[in-house]
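*Asks:* Numbers given in this note's numbering equal positions in the sequence shown, counted from 1, plus 1. No residue lacks a Cβ here, since even glycine has one placed at the ideal position from N, Cα and C. Below are the structure tokens for one structure; questions will follow.
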Amino acid sequence: MTEVHHMTPDEFRRAGHELIDFIADYLSRRVETLPVSAQVRPGDIAARMPHHPPQHAESWDAIRADIERVVMPGLTHWQHPSFFGYFPATGSFPAILGDLLSTGLCVNGFLWATSPAMTEVETRVLDWLGEMIGLPEEFLFRSGRGGGVIHGTASEAVLTAMVAARHRALRRRPGAVCTAYASSQAHSSVVKAAMVCGIGRDHLRIIEVDDKLAMRTDALAQAMAADAAAGRAPAFVCATVGTTSTGAVDPLRAIGEVARRFDAWLHVDAAYAGAACICPEHRGIIDGVGSADSFNFNPHKWLLTNFDCSAFWVRDRNALVEALSVTPEYLRNPATESGAVIDYRDWQIPLGRRFRALKLWFVIRHYGTDGLRSHIRESVRLAELFESLVRSDERFEVPLPRSLGLFCMRLRAGDAPTRRLLDRLNESGAMLLTHTVVTVGGVERFLIRVAVGGPATREAHVRDAWSAMVGAADEVLR
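Rendered as structure tokens:
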């Protein structure tokens, strides 16, 4: 029988030191020197790997060498200071250390009893975070009724909220056909959640938006009234604070009034913009959140806590637990039976869970609320600067209001030149930008999205990016 070759503690220390040095050098110096986007074609990376797994053990040195040979050429560098696409996916050294410790401890916290520290650190940190962004007290554990949990993504949070909403609606009206509502600008995860949870795509109503691309509450009320009149059960409304395309903000207070009228669950998806609420001057975007049943935002987007970390709160934790609790005999234990503990298995779709709270705990303690506010404010300042540079050139336009660190731009010459500009900039490797297509002033427009928020981005990077845009526009419009 072949002997199992476990890595020894000394080998682990050596390899670990190498990787820590690699990560530190990559984030502090190397990443900025690399093309932002991976310069490979489909299949290039797989071609560097054998078709079959190794029969015999390989050395760490051989594995380590393939990080450079296989992995690095195929990365898009999200921590590059000129990464302006999608939304930020920020990380930091304290967060990386938290993830390392979480992985190294090798624990699974689906029950309080399976690792009490996992649960209690998370409950306290989620109360901290809720307080930091100005959530109403009733969403926090210390209120005695609400509470928060860390999910992997906002998509998971939306699905979890929709499951709870459907469960509540069917308890009130057994056998009813449930309906859900979201604006045309809501994240695609709302559609997927409806498909997964049993509401179905056919019973998800897509609500029109106004000229600011925010949900029209009159259209929402009409759609919900029509469903109620037809005997269906309006169950779930998703309002968005900071839409993916343009950062539009739905009117929470007015939406909450409509949702209450039909006894529907209101979920607020603030995946990107919620982080900005750590700054008091930006909390107006969640005005009216007190009428919501649940709320989520992603610290892994803009709060220096590396992926994955999505914070989700509910006003009534019992409503969530009732919808998701399944207790086979093998999970029964005295702590759960006492009713005195939180079992996070009942707050999520999966059973198992990582110790995600460690990295968030480390980040909050390392930076403090003041440091995190400074990071958000600097990102917004740089976005304002970038926007002002774009507006200074009459060949460009910014057709919609900037939303925090995100604004959208285009060439006045039209959609086709704007597409060519985007392609030229991305192919250069000097930056990464993404696009959207939205209706502005009654006309469908192709827009380039510029999302500023990376921890390494400085004013010089913004000015360099703008210079590259000007040069590329000269070529496109020649």
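Between the beta-carbon of Gly415 and the beta-carbon of Arg284, is there less than 8 angstroms?
*Replies:* no
*Asks:* Report the CB separation of Trp303 from Gly454 in whole angstroms; it is logged as a contact under 8 angstroms.
*Replies:* 5 angstroms
*Asks:* Determine the burial state of Phe88: buried for a count of at least 16 other Cβ atoms within 10 Å of its Cβ, exposed for fewer.
*Replies:* buried
*Asks:* I think Arg217 touches Ile208, with their Cβ atoms under 8 angstroms apart; what is that distance to the nearest whole Å?
*Replies:* Indeed they touch by this definition, with Cβ atoms about 6 angstroms apart.
*Asks:* Exposed or buried, what is Trp113 when buried is set at 16 or more other beta-carbons lying within 10 Å of its beta-carbon?
*Replies:* buried
*Asks:* Identify, in the order they occur along the chain, each residue of the same chain with its Cβ nearer than 7 angstroms to the Cβ of Val441, setting aside the five sequence neighbours on each side.
*Replies:* Take Val441, set aside five residues on each side of it, and the residues of its chain with a beta-carbon closer than 7 angstroms to its own are Pro400, Leu401, in chain order.
*Asks:* Smallest Cα separation from Ser295: which of Thr435, Glu388, Trp348, Thr245?
*Replies:* Trp348
*Asks:* If I follow the unbroken beta strand (DSSP E) through Ile365, where does it start and stop?
*Replies:* Element bounds for Ile365: not the beta strand (DSSP E) but the alpha helix (DSSP H), 358-392.
*Asks:* On the DSSP bridge assignment, give the partners of Thr34 in chain order.
*Replies:* Paired residue(s): none; Thr34 is not in a bridge.
*Asks:* Name the DSSP beta bridge partners of Ser404, please?
*Replies:* Leu407
*Asks:* Anyone know if the C-beta pair for Arg356 and Met119 falls short of 8 angstroms?
*Replies:* Before going on, a small fix: residue 356 reads as Phe here, not Arg. Result yes, Cβ atoms of Phe356 and Met119 sit closer than 8 angstroms.
*Asks:* Exposed or buried, which one is Val315 when buried takes at least 16 other CB atoms within 10 Å?
*Replies:* Buried is the label assigned to Val315, since at least 16 other Cβ atoms lie within 10 Å of its Cβ.
*Asks:* By the DSSP assignment, the beta strand (DSSP E) with Ile207 in it spans what residues?
*Replies:* Its beta strand (DSSP E) spans residues 205-208.
*Asks:* By the three-class DSSP mapping on this structure, what secondary structure does Thr435 have?
*Replies:* Under the three-state reduction of DSSP output, Thr435 falls in the strand class.
*Asks:* Return yes when the Cβ of Arg206 is within less than 8 angstroms of the Cβ of Thr180, no when it is not.
*Replies:* yes
*Asks:* Got a sec? Which residues, its chain only, sit under 8 angstroms from Val471 by beta carbon, not counting five neighbours each side?
*Replies:* Asp394
*Asks:* How about Val178 and Ala234: do their beta carbons lie closer than 8 angstroms?
*Replies:* In contact: Val178 and Ala234 (Cβ atoms closer than 8 angstroms).
*Asks:* Expressed to the nearest angstrom, what Euclidean distance is found between the alpha-carbon atoms of Ala236 and Phe263?
*Replies:* 8 angstroms
*Asks:* Tell me which same chain residues have a C-beta within less than 7 angstroms of the C-beta of Arg378, skipping the five on either side of it?
*Replies:* Cys280
*Asks:* Which residue wins for smallest C-alpha separation from Tyr273, given the options Glu132, Ala90, Asp45?
*Replies:* Ala90
*Asks:* Taking all protein chains shown into account, decide if Ser404 is buried (16 or more other Cβ within 10 angstroms of its Cβ) or exposed.
*Replies:* buried
*Asks:* What three-state label does DSSP hand Met225 in the structure shown?
*Replies:* Here Met225 carries a helix assignment [DSSP, helix/strand/coil].
*Asks:* Looking at the strands, I want to know which residues DSSP matches up with Tyr182.
*Replies:* Arg206, Val238
*Asks:* Given this structure, state the Cα-to-Cα distance separating Glu139 from Val290, to the nearest angstrom.
*Replies:* 11 angstroms
*Asks:* Need the endpoints of the beta strand (DSSP E) that Glu19 sits in, please.
*Replies:* No beta strand (DSSP E) contains Glu19, which is instead part of the alpha helix (DSSP H) from 10-26.
*Asks:* In the DSSP assignment, find the alpha helix (DSSP H) that holds Leu98 and state where it starts and stops.
*Replies:* 94-106
*Asks:* Check the C-beta distance from Arg425 over to Ala473 and give it rounded, since I have them as a contact under 8 angstroms.
*Replies:* So it is a contact: roughly 5 angstroms between Cβ atoms.
*Asks:* Could you work out which residue in Ala341, Met50, Gly199 is closest to Ala162 when comparing CA atoms only?
*Replies:* Gly199
*Asks:* Taking only runs of the alpha helix (DSSP H) that begin and end inside the segment 329-361, which ones reach a length of at least 4 residues, in chain order?
*Replies:* 335-339
*Asks:* I'd like the list of long-range same chain contacts for Gly75, defined as Cβ closer than 8 angstroms, with 5 residues on each side in sequence excluded.
*Replies:* Ala39, Val41, Asp45, Ile46
*Asks:* Just checking, does the segment 145-160 make contact with the segment 305-323 on the three C-beta pairs under 8 angstroms criterion?
*Replies:* yes
*Asks:* Let's test the definition: count the other Cβ atoms within 10 Å of the Cβ of Thr328 and tell me whether it reaches 16, buried, or not, exposed.
*Replies:* exposed
*Asks:* For Leu448, I'd like the list of residues in its chain whose CB is within less than 6 angstroms of its CB, leaving aside the five on either flank, ordered along the chain.
*Replies:* Cys409, Arg411, Thr437
*Asks:* Where in the segment 250-324 do unbroken runs of the beta strand (DSSP E), each at least 3 residues long, occur, reported from the N-terminal end onward?
*Replies:* 266-270, 295-298, 311-315
*Asks:* Are the beta-carbon atoms belonging to Ala166 and Trp266 less than 8 angstroms from one another?
*Replies:* yes
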